[in-house]
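Novice: Residue 12 is where the sequence shown starts when you use the working numbering, and the numbers rise one by one after that.
All C-beta atoms, glycine included, are put in the ideal place defined by N, C-alpha and C.
Just so we're clear, the structure is a prediction, and the values are computed from it rather than from any experiment.
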Amino acid sequence: MDNTLEEAKTILKKYNQEHLLNRFEQLEENKQKELLNQILNIDFDLINNLYTNTKKKIVNNNDKIEPMEYLDKYKLYDDYKYYENIGKSSIRNKKLAAVTMAGGQGTRLGHNGPKGTYDIGLLSHKSLFELLSDSLKEESKKYEVTIPWFIMTSKENNEETLEFFEKNKYFGYQKDKNIFFFIQGELPMVDTEGKILIGEDGLIKQAADGHGGIYESLVKSGMTEKMRQLGIEWVFIGGVDNCLVKMVDPVLMGIAIDKEVTVACKSIVKANPHEKVGVFCKRNGKPSVIEYSEISDDMAEAVDENGELLYGESHILCNLFNINAIERMGKTPLPYHSAFKKAKFIDEKGNLVVPDSPNSYKFEAFLFDAFGEVDDMAILRVKREEEFAPVKNSDKDGIDCPSTARELYEKFYNLK
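#1: Taking C-beta to C-beta, are V290 and V300 nearer than 8 Å?
#2: One question on the structure: do A435 and A389 come within less than 8 Å of each other, judged by their Cβ atoms?
#3: List the residues that DSSP assigns as beta-bridge partners of F193.
#4: Determine which residues share a DSSP beta bridge with C329 and list them.
#5: Is the beta carbon of K166 less than 8 Å from the beta carbon of F356?
#6: With a threshold of 7 Å on Cβ separation, who are the neighbours of H30 within its own chain once the five nearest residues in sequence on each side are excluded?
#7: Taking the alpha carbon of G250 as the point to measure from, which residue in K403, H122, H136 and E18 has its own alpha carbon closest?
#8: Taking the straight line between their C-alpha atoms, what separation do you get for V262 and K92?
#9: If we require 3 or more residues per run, which beta strand (DSSP E) segments fall completely within the region 38-69?
#10: Along the beta strand (DSSP E) that carries I158, what are the first and last residues, could you check?
#11: Out of L241, I266, L198 and K277, state which residue places its alpha-carbon closest to the alpha-carbon of L255.
#12: Roughly how many angstroms separate the alpha carbons of P401 and G132, rounded to a whole number?
#13: List the whole-angstrom C-beta distance separating S405 from L120, where the pair is believed to meet the contact cut-off of C-beta under 8 Å.
#14: Whole-angstrom Cβ separation of S349 and N64, contact assumed at under 8 Å?
#15: The alpha helix (DSSP H) spanning M234 covers which residue range?
#16: Is it buried or exposed for Y88, if we count other Cβ within 10 angstroms and need 16 for buried?
#17: Using three-state DSSP, classify I334 as helix, strand or coil.
#18: For the beta strand (DSSP E) holding K297, just list the boundary residues, first then last.
#19: With distances taken Cα to Cα, identify the nearest neighbour of L46 among I58, N33, L57 and D56.
#20: If P159 sits next to A108, beta carbons under 8 Å apart, how far is it from one beta carbon to the other, in whole angstroms?
#21: Give the C-beta separation of F377 and H222 to the nearest angstrom, bearing in mind that I take them to be a contact with Cβ-Cβ under 8 Å.
#22: Go through its chain and collect everything with a Cβ distance to E150's Cβ below 7 Å, but skip five positions before and after it.
#23: Roughly how many angstroms separate the alpha carbons of F176 and D252, rounded to a whole number?
#24: What span of residues does the beta strand (DSSP E) with S349 cover, start to end?
#25: If you measure between the beta carbons of F379 and Y347, is that distance less than 8 Å?
#26: Considering only their Cβ atoms, is the gap separating N370 from T203 smaller than 8 Å?
#27: Less than 7 Å between C-beta atoms, sequence neighbours within five positions excluded: which residues of the same chain meet that for K352?
#28: Where does F176 sit, in a helix, a strand or coil, going by DSSP?
#29: So, helix, strand or coil for M200, using DSSP?
#30: Determine the direct distance from the alpha carbon of K257 to that of E398, and round the result to whole angstroms.
#31: Let's see if you can read the secondary structure: which residues bound the alpha helix (DSSP H) around K270?
#32: For the ligand ZN, I want to know if N189 counts as a neighbour, meaning its beta carbon is within less than 7 Å of at least one of the ligand's heavy atoms.
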């Protein structure tokens, strides 16, 4: 370990991060090894650049933003069956896998545990994981196949997630045969001076690298290789917190195959012109998502000849990818965005600091930043009440919360 320790000291001195070893002697041997391993695997140049970028003012760029074409699922008419039959054939031929991004905790919901283990209050008391499992199994039964399920956890919740699935006998799935778990990437958090934080466990405090890390995580964990072994060609990626997510959609799949695109996404129309959601657009001729903060009032309110919003197709994290696209995107790092957050940490004297206001930066990539890597993609507008019931906030917020999700779920499945 001595050689490794000296190597770590040399690296930390170069990047002015020597404080990371201040409490090294107080750590147990296994923690010492883990800390040294963290230090040797951090891309300090990247962290320095990301911190430097937090000090730069955002300047208006000259990107050319244009509306993006879409198809309305319920205005396809004769084409509906055509696309559906293409998709059904591919699903029956075992070409589809589902990926659920489940790296978050249920903290904002007052839940102590992985978000996927949260009970939204149905009479059945089923967790979000079980609701998604029910949906997948129902579709598998319909097509007489077993649709493989890949679940992305985080270092923070991986152990609890695995224990939860084991306790529930994987909801009928078979571990490492048709259900697989892999861990999301992480990046160190830094304070306002660019110093990397130490967590309560004495190790470097890291945060998940955002849903944009999904591509790299799938590739590095060997999951795309596993998919190829299973004959998978198409991968649906969605979040764990949408209890109405439709991971198996032959129409969406059929459109992607017919139009020969490698990415197909679902959208819902904005509730109003100023709803705070990202919307699909063309940026410099390439597919993209533009954040609500980037859209002027004039753009937000602009309508076409039919009175439809020009920028009205919300990105709801329901995306279908060809496996080739995932592998390509996983080899090209996405840009990272910074978020100013509250984070507990251990100071240089060994004291626990619990801030009452934001004190540190976390860095995350956005899944849709990879859309610019493709020349074209398909957008399918679906109905909010049928496919989008997210659980993001507590009930006191009244929006995208357990009570609204429960109401939508019960209404869709006629549970009341």
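Specialist: The relevant details are as follows:
#1: yes
#2: Because residue 435 is not part of the residues shown, which for the chain are 12 to 427, the question remains open.
#3: M163
#4: G249
#5: no
#6: K206 and E359
#7: K403
#8: 8 Å
#9: none
#10: It is not in any beta strand (DSSP E) - I158 carries neither H nor E in the DSSP assignment.
#11: K277
#12: 14 Å
#13: 6 Å
#14: 7 Å
#15: M234 to Q240
#16: exposed
#17: helix
#18: K297 to I301
#19: N33
#20: 5 Å
#21: 7 Å
#22: I158 and V259
#23: 17 Å
#24: H348 to K352
#25: no
#26: yes
#27: P369, S371 and K373
#28: helix
#29: coil
#30: 6 Å
#31: P261 to K270
#32: The ligand ZN is not among the ligands present in this structure, which contains no ligands whatsoever.
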